[in-house]
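Heads up, the final residue of the sequence shown is numbered 420 in the working numbering, and it's a clean run with no missing numbers.
A short worksheet on the structure shown next.
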Amino acid sequence: MRQEWFDTARFGLFVHFGAYSGAARHEWVQAYERLTDAEYLPYARHFEPDRFDAAAIAATAVATGMGYSVLTTKHHDGFCLWDSELTDFSSSTACGRDLVAEHVEATRAAGLKVGLYYSLIDWHHPDFTVDWNHPRRDDSGAHALNDGRSMERYRAYLHGQVRELLTRYGTIDYLFFDFTYPETKQGWAGKAAEDWDAEGLMALCRELQPDMLVNDRLGVPGDFVTPEQYQPTKPILEAGSPVVWEACQTTNGSWGYHRDNVDFKSAPLLIRMLADSVSMGGNMLLNVGPDGRGAIPPADLALLGEIGDWMELHRDAIVGAGHASYTPPREGVYTLRGDRLHLHLFSWPLGFVHLPGLAGKASYARFLHDGSWLRTSVTDPDQTANVMRPAGEEAGTLTVSLPVRRPDVAVPVIELTLA
Ligand code: GLC
């Protein structure tokens with residue numbers, strides 16, 4: 002099955018890098034500030050990624066416990082990170098480098114699955130029609146800007162670029178298209194599946210890379226769905242069956258490098274989000290935004306380092322793990338891997354944690370980080386035997402005794418071996 006590696010990996014790296022990285026104020030800067038082409042061009046001209054080191058990025062992903070890495074080949078600004086024959090608005094013009102080639106090679110060499118992101122939206126292309134997301138939307142007489150623009154010609158460009166990406170670099174494991182927004186706002190149309198010829202594009206993907214996973218943002222169903230900057234609250238189902246999903250998350254709310262935004266999530270929060278995703282049968286794709294020179298910023302690197310330290314000890318509770326059908330206690334979430342049930346403790350209880358329905362189901366309990374055994378006991382419904390029954394716990398509850406002092410790891414995990 003196409004998504005098997007993906008379901009196993011659970012954790013990937015997203016890399017947003019482009020001309021906007023030098024602007025350093027969000028990857029949507031051109032649209033947010035309604036910059037003209039002339040105003041935006043300097044960022045592309047001065048694209049000088051002397052510190053972009055694909056091998057170092059791949060090594061960082063590996064050290065963080067990730068199984069795949071996804072690079073923005075082109076974002077909404079239209080600036081391409083490869084040597085496209087269809088445009089000279091690219092890294093090869095700016096600095097003579099094909100960063101997609103560098104990414105694919107380094108990622109594959111590191112043993113990671115290779116992912117590409119490609120923006121369907123293109124604010125640079127003269128045929129891409131102005132809509133409510135476009136930098137030109139508030140120009141006077143903006144609607145007239147669409148006279149002479151042709152989505153049909155843009156479609157040919159789009160399909161041609163995707164063909165380049167899927168034929169030049171060998172096996173591509175994952176493709177993230179971005180995005181479709183069919184509503185009409187402020188008198189503008191959005192962009193729908195027909196604008197991309199989504200069916201045709203999907204067929205092209207299947208033809209050129211039959212095993213590649215494709216996401217759900219083309220406007221037609223894909224191989225997985227992509228909650229963005231929020232966490233679902235339960236496994237995602239369609240007609241009663243679990244859907245493959247991946248939450249994509251930022252470290253500070255911005256995907257592209259945003260120098261003055263210091264609204265960073267903490268490493269423990271990101272780890273909880275990862276465990277939370279896996280507990281609901283999903284993946285987490287965590288983003289970093291290399292700076293204007295292509296280096297992963299220190300704050301992002303520090304977070305990945307802390308997450309990597311945790312992953313080193315808790316890998317088995319994430320990689321190859323998934324949803325467990327038991328109801329977790331209020332302190333945390335479960336992930337299940339084979340016969341191992343992992344309780345990720347998001348808060349630290351006093352003395353005990355009570356696991357409903359697990360009496361008689363687990364033969365051994367220990368902390369995952371240090372393998373230290375944990376005493377368990379079972380609630381006795383008749384209270385005849387000499388076993389503990391904390392007030393209010395139901396029969397069938399397994400109680401795990403805990404030290405008063407919380408272990409010094411970002412998220413403590415109790416591993417239960419199921420009988
Ligand atoms: C979005 C944003 C974007 C980001 C992406 C990641 O739709 O437009 O900037 O690249 O999602 O999921």
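Each residue gets a CB set at the ideal place from its N, CA and C atoms; glycine is no exception.
Query: Euclidean distance between Cα positions of Asp8 and Gly282; Result: 8 Å
Query: Residue burial classification, Gly290 (beta-carbon count within 10 angstroms, cutoff 16); Result: buried
Query: CB of Leu417 within 7 Å of CB of Leu342, strictly; Result: yes
Query: Straight-line gap, Leu72 to Gly116 (C-alpha atoms, nearest Å); Result: 6 Å
Query: Three-way DSSP call (helix, strand, coil) for Met67 in this model; Result: coil
Query: Rounded Cβ spacing between Glu1 and Thr234 (contact assumed at less than 8 Å); Result: In the structure as shown, the chain starts at 2 and stops at 420, and residue 1 therefore has no counterpart that could be examined.
Query: Contact set for Ala411: own chain, Cβ-Cβ below 7 Å, skip 5 residues either direction; Result: Ala268, Pro269, Ile272, Glu307, Trp311
Query: Which listed residue (Gly171, Thr130, Ala204) has its alpha carbon closest to that of Tyr155; Result: Thr130
Query: Given Glu394 as reference, the closest of Leu419, Lys362, Phe353, Leu369 once Cα atoms are compared; Result: Phe353
Query: Check: Asp179 C-beta below 6 Å from any heavy atom of the ligand GLC; Result: yes
Query: For Asn134 and Gln230, the rounded distance between their alpha carbons; Result: 19 Å
Query: Asp196, DSSP secondary structure in three states; Result: helix
Query: CB contact flag (Tyr44, Ala24, <7 Å); Result: yes
Query: Cβ-heavy atom distance, Trp133 to the ligand GLC, below 6 Å; Result: no
Query: For Gly333: DSSP bridge partner residues; Result: Leu346
Query: Arg341, DSSP secondary structure in three states; Result: strand
Query: Among Ala55, Ala32, Leu167, Arg98, nearest to Leu113 - alpha-carbon criterion; Result: Ala55
Query: Alpha carbon of Asn387 to alpha carbon of Gly361, nearest angstrom; Result: Its pLDDT being 49, under 50, Asn387 is placed unreliably in this model, and the coordinates cannot settle the point.
Query: Near the ligand GLC: Glu247 beta-carbon under 6 Å from a heavy atom; Result: no
Query: Contact under 7 Å by Cβ, Val215 with Ala194; Result: no
Query: Whole-angstrom C-beta distance between Arg294 and Asp51, which should lie under 8 Å; Result: 6 Å
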